[in-house]
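Numbering (the working numbering), first residue to last: -11 to 101.
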């Protein structure tokens, strides 16, 4: 009997999943231009500051099966618990709340969205 040891290849991560929590809100107004995102394994404001300026991608599927990508940028932190504010090229629909977006591990400029 020979035992074959399978070698697992580590694929470099290019994106971190995050959850679209809500639009930014005030007492009487909702600001759909800015989206609030909860990044996985980020629990403090100091950890969230490392992601300011990173690219964010929101993937949707059209009816014919092709994918559409909406890119954005992390603008700033929101509160003390690691939530970040992101601005997308097109506002995210309210139907997309609690869906996944992907935070890319590279920075982009302010006007590259």
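By construction, the Cβ of each residue, glycine as well, lies at the ideal position given by its N, Cα and C atoms.
Residue 64 is not a Cβ neighbour of residue 78, given a cutoff of 8 Å. Between the segment 8 to 23 and the segment 92 to 101, the count of C-beta pairs closer than 8 Å stays below three; the two stretches do not touch.
Between residue 47 and residue 16, the alpha-carbon positions lie close to 30 Å from each other. With distances taken between CA atoms, residue 29 lies nearest to 69 out of 54, 69 and 98. A check of alpha carbon separations from residue 45 across 98, 8, 99 and 67 identifies 8 as the nearest. Here residue 71 is bridged, per DSSP, to 26 and 66. Beta-carbon to beta-carbon, residue 35 and residue 75 are separated by about 20 Å, too far to satisfy the 8 Å threshold.
Between residue 19 and residue 6, the CB-CB gap reaches or exceeds 8 Å.
Counting the other Cβ atoms within 10 Å of the Cβ of residue 99 gives fewer than 16, which makes it exposed.
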